[in-house]
Amino acid sequence: GAGVSQTPSNKVTEKGKYVELRCDPISGHTALYWYRQSLGQGPEFLIYFQGTGAADDSGLPNDRFFAVRPEGSVSTLKIQRTERGDSAVYLCASSWGNGNNEQFFGPGTRLTVL
Amino acid sequence: DQQVKQNSPSLSVQEGRISILNCDYTNSMFDYFLWYKKYPAEGPTFLISISSIKDKNEDGRFTVFLNKSAKHLSLHIVPSQPGDSAVYFCAATGGGSNYKLTFGKGTLLTVNP
């Protein structure tokens, strides 16, 4: 019944630290997406999962970013050695993945790297 | 290189009047277009979509028009209501097996009572 949820809602960290952002998609949705929205910009695609596998990770900016979805439901976006430029709102979305392009978004995690 | 462009950062209209939000795209592979609405501190919410095989789709007060030859689409809201005040994002996808969305920068709509 619930929509997409993301935790934490806010994360403040120091430059160089490691962070994990969690996404709980809508139950039954096979497709899961991560986007990043910087100030004054629209959301930008990071990675797409179909089930457990990352079908498209072409949007990840570099190898400090990694995401997993081990059981085909919850996903975790991991950022190593954070930089100030990583500060943004990280959005997760899910969909049925059956040709319906409507993606349901979570509220996002606001990451601030000091 | 912005593949989806919303050239108006903001738009202000009076309650009851029509709001027209515009969007242009450059990628000819895009075949499905969506509008999302976003309130502060919330994620984007799907509003309306249109396939490239159509030129118009209507849902209540919201109508999306697509001009493929001009690579242009617009969202019409009639009549506009104060609750419509939000940021509106135009998004596009190439379909196929990967439905990743490419978004514009958004337009802040303010509907004044």
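Residue numbers (our numbering), protein chains in the order written: chain Y, 26 to 139; chain R, 249 to 361.
We treat Cβ as the ideally placed atom computed from N, Cα and C, and that holds for glycine.
Just so we're clear, the structure is a prediction, and the values are computed from it rather than from any experiment.
If you draw a straight line from the C-alpha of Y/Phe70 to the C-alpha of Y/Lys36, how long is it?
-> 20 Å
Anyone know if the C-beta pair for Y/Val138 and Y/Asp111 falls short of 8 Å?
-> yes
Which partner residues of Y/Tyr60 appear in the DSSP bridge assignment?
-> Y/Phe70, Y/Leu116
Can you find a C-beta in chain R that's less than 8 Å from the C-beta of Y/Pro68?
-> yes
DSSP state of R/Asp272, grouped into three classes?
-> strand
Measure the C-alpha to C-alpha separation of Y/Asp5 and Y/Tyr58 and round it to an integer number of angstroms.
-> Nothing about residue 5 of chain Y can be reported from this structure: the residues present for chain Y run from 26 to 139 only.
How is the beta strand (DSSP E) around R/Tyr284 delimited, first residue to last?
-> 280 to 286
Which residues, in order along the region 293 to 316 of chain R, keep a beta-carbon less than 8 Å from a beta-carbon of chain Y?
-> Thr293, Phe294, Ser297
Would you decide whether Y/Gln128 is buried or exposed? Buried here means 16 or more other CB atoms lie within 10 Å of its CB.
-> buried
With R/Val383 and R/Glu263 assumed to form a contact (beta carbons below 8 Å), what rounded beta-carbon distance in angstroms separates them?
-> Chain R is shown only over 249 to 361; residue 383 of chain R falls outside these bounds and no answer can be derived.
Nonlocal neighbours in the same chain, by C-beta distance under 7 Å from Y/Arg89, ignoring five residues either side = Ile104, Gln105, Arg106
Whose C-beta lies closer than 6 Å to the C-beta of R/Asn281 among residues of the same chain, with five residues either side of it excluded?
-> At residue 281 of chain R the sequence reads Phe, which differs from the Asn that was named. Taken in chain order, the residues that qualify are Ile298, Leu321, Ala340.
Any residues in the region 328 to 343 of chain R with a beta carbon nearer than 7 Å to a beta carbon of chain Y? Which ones, in chain order?
-> Phe337, Thr341
Starting from the beta carbon of Y/Glu127, find every residue of chain R whose beta carbon is closer than 8 Å, and list them in chain order.
-> Leu282, Phe294, Ser297
Can you give me the Cβ contacts of Y/Lys42 inside the same chain, cut-off strictly under 7 Å, excluding the 5 residues immediately before and after it?
-> Thr107
Just the C-alpha distance for Y/Cys48 and R/Lys316, rounded to the nearest angstrom, thanks.
-> 36 Å
Apart from the five residues just before and just after R/Thr274, which ones in its own chain have a Cβ nearer than 6 Å to its Cβ?
-> Gln251
Which residues bound the beta strand (DSSP E) around R/His320?
-> 320 to 325
Taking the continuous beta strand (DSSP E) assigned at Y/Ala80, which residues delimit it?
-> 78 to 81
Cα separation between Y/Leu85 and Y/Cys117?
-> 14 Å
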